[in-house]
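Below: the structure, in structure tokens.
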Amino acid sequence: MKKAKDILCSNNFIKIVMGIAIVLSVVACVVLFRYSSVSHDVLNNECKTAVVVASGDTLSGLLSNQGLKGADVTAIVSALKTDAGITTIRADKDKIEFVRQNDGAPVDKVVFIPSPWRKVEVTCSDTGDWKCNTVDIIPDVHGVYKSGEIQDGDSFYLAGIRAGIPEGVLANVYDLLAFEMDFERDVRAGQKFSVLYEENFANGEKVENGRVLAVSFDALRGNVKMYRFKKADGTIGYYDENGNGAIKSLKRTPINNARVTSSFSNKRKHPVLGFTRAHKGVDFRASTGTPIPAAGAGRVVARGYNNGHGNYVKIRHNGSYETLYAHMSKFAKGVNVGTAVKQGQTIGYVGSTGLSTGPHLHYEIIKDGKHVNPLTVKLPAIGNLGKEDKQKFLEYRKNLDTQLEKLADNPKLFIQM
Ligand SMILES: [Zn+2]
């Protein structure tokens, strides 16, 4: 007994109890924060309950839960629908705040928050009518600069993360440069890169990362630069430093980041036939069933089987280009001779049909009837700038380059957009 009493009175026991109390209150806070949070405005006693919409929630259900009566619920639902076009609520996305003049008072304001940049307030007037008012929040946009260098054994992804570039921004850079280089094959130690991207702020707090504004990468073919630019007609695109569109009419590697297992050559020993013959395309390793996207927009001119190519599809893109995809396990549904396809649309699936030693995509580009090396052929850009836009672009680019140089010297700065 004496021993137990000692323990109860000791400092250690108090520390343990305090520790448990802290842990329990943290858990309680986390639980409250997940489901709803209540805050009080010290100055005017206003009391706010914030709820994140969960799956299965309905607008009228959430309103009723806050003690609103049937007629008020109907009036609020109808105001949101007619004045703000809000008819459904989205789980884990939409947030709703219920405002009371003081603790225990009925809800007299409902704030529907579909995005950090929009608030729809439905307020009860003195006469008991519910009025809807939409507030758009204009983001404060910072142009943030990050740069890095590829180290031995690095991928661009690893080097990018090390340089502090957020994952979502990196994914956009991949897409943007996919026409210029292959991140699987063209990456070497010592290559430098930089990205300028948006960070969107509201009331001095960062809300989200925005779009990529400019990117530079020391590719094997030389430095590649891309800039985001808005044309006079309001359309937005990415252009290289000379104003050529970033989107090319064809992709060098239809399957992103697939490893090249055999390159284009006029002479090579055929792995199945054993004798030397030209390899008129590039082989990309990929597992059976991997979707094969069309390298560019065009029309299917052949879809069939032959002993060499197995199941294959051939697409004619414009006057001078055709692409061919071989060894498919199967064709995509609805892809037939004569079908118009979009760039990136799945036309079939990787397999090992025909003369093949294992699942891979054999890809050919044919220019004016002649096979060319997909990895080195100069590809035509689409959406190049017209004369007036180009002049504006070049001025914009020069100005931005000057600012980028300043940021390179002091990466802690940012551009106020
Ligand atoms: Zn091949």
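Be aware that the sequence shown starts at 19, since it is given in my numbering, and climbs by one per residue. Where is the CB? At the ideal position from N, CA and C, for every residue including glycine. Treat the numbers as computed from the prediction; the structure is a model and nothing was measured.
The stretch 322-357 is shown to contain whole beta strand (DSSP E) runs of 3 or more residues at 328-334, 339-346, in chain order.
Going by C-alpha positions, Phe211 is about 22 angstroms away from Phe411. For His327, the shortest C-beta to heavy atom distance toward ligand 1 is 6 angstroms or greater.
For His380, the CB falls within less than 6 angstroms of some heavy atom of ligand 1. Taking all protein chains shown into account, Pro392 has 16 or more neighbouring C-beta atoms within 10 Å of its C-beta and is therefore buried. Secondary structure of Val128 (DSSP, three-state): strand. For Ala72, the closest alpha carbon among the candidates Gly326, Ala109, Val125, Val318 is that of Ala109. Taking a cut-off of 8 angstroms for Cβ pairs, the stretch 303-312 and the stretch 355-370 touch, as three or more such pairs fall below it. Residue state for Phe116 is assigned as strand, using DSSP reduced to three classes. Residue side-chain check: Gly299 places its Cβ nearer than 6 angstroms to a non-hydrogen atom of ligand 1. Taking the C-beta atoms as reference points, Tyr381 is found no nearer than 7 angstroms to Val318. Take Thr341, set aside five residues on each side of it, and the residues of its chain with a beta-carbon closer than 6 angstroms to its own are Ala313, Ile333, Ile383, in chain order.
Tyr339 is classed as buried because its beta carbon has at least 16 other beta carbons within 10 Å across all chains shown.
Between the beta-carbon of Ile265 and that of Ile400 there is about 6 angstroms, and that keeps the pair under the 8 angstroms contact cut.
In this structure, Leu431 and Leu425 form a Cβ contact; the two beta carbons are roughly 6 angstroms apart against a cut-off of 8 angstroms. Contact between Lys269 and Asp258 is ruled out by a C-beta separation of about 16 angstroms, above the 8 angstroms threshold.
Assigned with DSSP and collapsed to three states, Asn417 falls in helix. Between Ile131 and Asp121, the alpha-carbon positions lie close to 22 angstroms from each other. By the criterion of at least three beta-carbon pairs nearer than 8 angstroms, the stretch 133-150 is not in contact with the stretch 202-217. Partner residues in the beta bridge of Ala232, as assigned by DSSP, are Leu214, Tyr245. DSSP places Leu81 inside the alpha helix (DSSP H), whose first and last residues are 77-83. By the criterion of a C-beta distance shorter than 8 angstroms, Ser55 is surrounded in its chain by Thr67, Ala68, once the five residues flanking it on both sides are discounted.
Gly161 is bridged by DSSP to Glu216, Ile433. Rounded to the nearest whole angstrom, the CA to CA distance from Ala207 to Glu185 is 21 angstroms.
Non-local C-beta neighbours of Lys127 in its own chain, meaning closer than 6 angstroms and more than five positions away in sequence, comprise Val117, Thr141, ordered along the chain. The distance from the Cβ of Val162 to that of Thr152 is about 30 angstroms, inconsistent with a contact at the 8 angstroms cut-off. In the structure shown, Ser133 adopts extended strand secondary structure according to DSSP, grouped into three states. In this structure Asn83 is exposed. Its beta-carbon is surrounded by fewer than 16 other beta-carbon atoms within 10 angstroms. Within its own chain, the residues whose Cβ lies closer than 6 angstroms to the Cβ of Glu167, once the five positions on either side in sequence are excluded, are Lys210, listed in chain order. With 16 or more neighbouring CB atoms inside 10 Å of its own CB, Arg246 falls in the buried class.
Phe282 is the residue among Phe282, Ser96, Glu115 whose C-alpha sits nearest the C-alpha of Arg295. Where Gly255 is concerned, the enclosing beta strand (DSSP E) starts and stops at 254-257. In the DSSP assignment, Arg303 falls within the beta strand (DSSP E) that extends over 300-303. According to DSSP, Ser283 shares a beta bridge with His297.
Excluding sequence positions up to five before and after Ala304, its CB lies within less than 7 angstroms of the CB of Ile273, Ala276, Val368, Pro377, His378, Leu379, all in the same chain and listed in chain order. Judged by their CB atoms, Val230 and Met435 are not nearer to each other than the 7 angstroms cut-off.
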